[in-house]
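Under full-length UniProt numbering, residues 1 to 446 are what the sequence shown spells out, in order. Take a look at the structure below.
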Amino acid sequence: MTTPNKVITHVSKDYIITTEPVDSFNEEWKGGLGCLWFNLLQRNKDKIIIINGDTEECETRGSLLSKSIRVASIMQKHGIQKGDVVRFALNFHQNAYAALAGSLFIGAIPIFIEPYHNSDEAAHLLRAVKPKLVISTKDGGKFDVLSKAKESITSDVKLITLEDCEEFKQPQEAEAKFVPVPAKHIGETAAIFFSSGSTGLPKGICIPHSFLLPIDELKLLDGVKTPVIMSFDSLYWATDVYKFISALKNEGILVIAPTLDPIKLWLRIEKYMIADPETGKSLGPNQQGEFRVKKKTMMNGYYNLDASNEFDEDGFFKTGDILYYDDDYCFFFVDRMKELLIYQGYHVIPAVIESRLMQHPAVKRAAVIGKKHDVYGELPIAFIEVQKDYENFESHELRKFVDDKMPYTHKLRGGIIVLEKIPATPSNKVKRAALKKLLESEYQSI
């Protein structure tokens, strides 16, 4: 893996965009995200804000507001108050945005589960944040996954489904009288998103109001009359919240895509058009280094974890990505210091697959990297060393041994390659860059 020979933290002032510190609510932001979103959704209530790209279902700003208030009322009925953590498992559906807004309306802290998480991953995330309430849907098996995960933890967590909440299905009289709970300070945690888990188990990242409120000031959609934004992300990722905020603030439309299908993608783009805003990043000239970021609106830290090592002594966040730019300020991505892969837009943690491989008696050592794929990004592929007396093992049996215990995103779709010796550094760390070169030069046909 590429080692940075210089930590890059700045460039010429001509290429730096500066902003004033965000340390208090302005008039529009008064009360925080919940109050702002509540007010915005009351504008042009008949205008569509979300389209489900698979089912063609549409959600207007008014219907989303009503559903958000109902979710907020359901949470309050179950004792949820300002500052309480609530976890949602609502898959790719417009109701997930009602859950997000409803949480912010009452000052609760929302967290969303990744649709492809299995019960072990769900249990870890439940233990990490200890939510007071989990709201799920019965569709897609998420309720069963969460029920199993709930049994494996010690904390008392309530688990309910939206389908069983009668007050969610029909308009309620109390909706007209609902008033959102304001945030007192812009630094309060508004939501929690989990890290990718590339260097260990995922950590809960506490995002304050100050981080999300200025998103619209990026002005990515200036000049677009009715912006249409395509999203393949679930609300497990903060990027989807950014897209929703852009649609909300600019009275645009968010087209959600529950399934990643190349043909359907082009049909959606042809039908709805797409906004693809690009942003530049500033790095040091002509040298590879770790990309480090410092801005006025940063995360509050990790939930119940020490995040001090994630920043350098000057307050720059260490992304773990290696980049450089040339004299024309053209930027080039070199490599990831972190080892995660990207499959269908989802992070795949090699260590999770490697751990399962090492549980098989035939495997002496294992390393998982990404095999490039034109459609899916990267396919997990395993290199293994075989234990003595297991030379005749069947690779398809090993693959089944692994895949049967892996979530959808972590299956060994790239296959298994047996090596006499996996390349390693003098300190016995796997040389993943060498494996990538080996894959490209000798195993392209696999």
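Quick reminder that beta carbons are idealized off the backbone N, C-alpha and C, glycines included.
Taking the Cα positions, G79 is about 14 Å away from I109. Counting C-beta pairs with one atom in each stretch, the segment 342-360 and the segment 372-389 have three or more that are closer than 8 Å, which means they touch.
In the structure shown, I422 falls within a coil segment according to DSSP collapsed to helix, strand and coil. Around the beta carbon of A174, a 10 Å sphere encloses fewer than 16 other beta carbons of the protein chains shown; the residue is thus reported as exposed. Using a C-beta cut-off of 8 Å, the segment 87-107 makes contact with the segment 169-187, since at least three inter-stretch Cβ pairs fall below that distance. Annotated three-state conformation of F178 is coil, per DSSP. For the options E440, I349, F112, S234, the alpha carbon positioned closest to that of T409 is the one of I349.
Residue environment for V85: buried (at least 16 other C-beta atoms within 10 angstroms of its C-beta). From the listed residues E440, K421, K431, the smallest Cα separation to K371 is found for E440. In this structure, the CA atom of E121 is about 45 Å from the CA atom of D327.
As DSSP reads the structure, E378 sits in a beta bridge with K372. Contact holds between the segment 225-239 and the segment 247-255, because three or more Cβ pairs, one in each stretch, are under 8 Å apart.
When the alpha-carbon of L159 is set against those of A176, T137, P202, V179, the nearest one is in T137. If only complete runs of 4 or more residues are kept, the segment 55-140 shows the alpha helix (DSSP H) at 61-77, 95-105, 119-129, in order along the chain. Taking all protein chains shown into account, V179 has fewer than 16 neighbouring C-beta atoms within 10 Å of its C-beta and is therefore exposed. Taken through DSSP and simplified to helix, strand or coil, R399 comes out as helix.
Look at P350 here: in three-state DSSP terms it is helix. Distances from the CA of E391 to each of L64, I369, E420, F383 were compared; the closest alpha carbon is that of E420.
Sequence-distant Cβ neighbours of L213 in its own chain, meaning closer than 6 Å and more than five residues away, are W29. In the displayed model, G32 falls within a helix according to three-state DSSP. Judged by DSSP in its simplified three-state form, V157 adopts coil rather than helix or strand. The residue from Q170, K203, C58 with its alpha-carbon nearest to that of R127 is K203. Annotation for V129: V85, R87, I111, I192, G204, Y303, N304 place their beta carbon closer than 8 Å to its own, counting only its chain and skipping 5 residues before and after. Residue burial annotation: E339 is buried, with at least 16 other C-beta atoms found within 10 angstroms of its C-beta. Per DSSP, V255 is one residue of the beta strand (DSSP E) stretching across 253-256. The three-state secondary structure of E442, taken from DSSP, is helix. Between Q172 and the set L162, H124, V157, I69, the nearest pair of CA atoms involves I69.
Put simply, the backbone Cα of Q359 is about 25 Å away from that of A434. Contact between S234 and D240 holds: their C-beta atoms lie close to 6 Å from each other, under 8 Å.
A direct Cα-to-Cα measurement between S63 and D404 gives close to 41 Å. Take the alpha-carbon of K318 and the one of C35: they are about 33 Å apart. Excluding residues up to 5 positions away in sequence, V386, Q387, Y390, F393, L398 lie with their Cβ nearer than 7 Å to the Cβ of A362 in the same chain. The residue among E188, H209, T161 with its C-alpha nearest the C-alpha of A89 is T161.
When DSSP reads this structure, M230 sits in a beta bridge with V255. Counting the other Cβ atoms within 10 Å of the Cβ of G315 gives fewer than 16, which makes it exposed. With respect to E166, S73 sits apart: the two C-beta atoms are not nearer than 8 Å.
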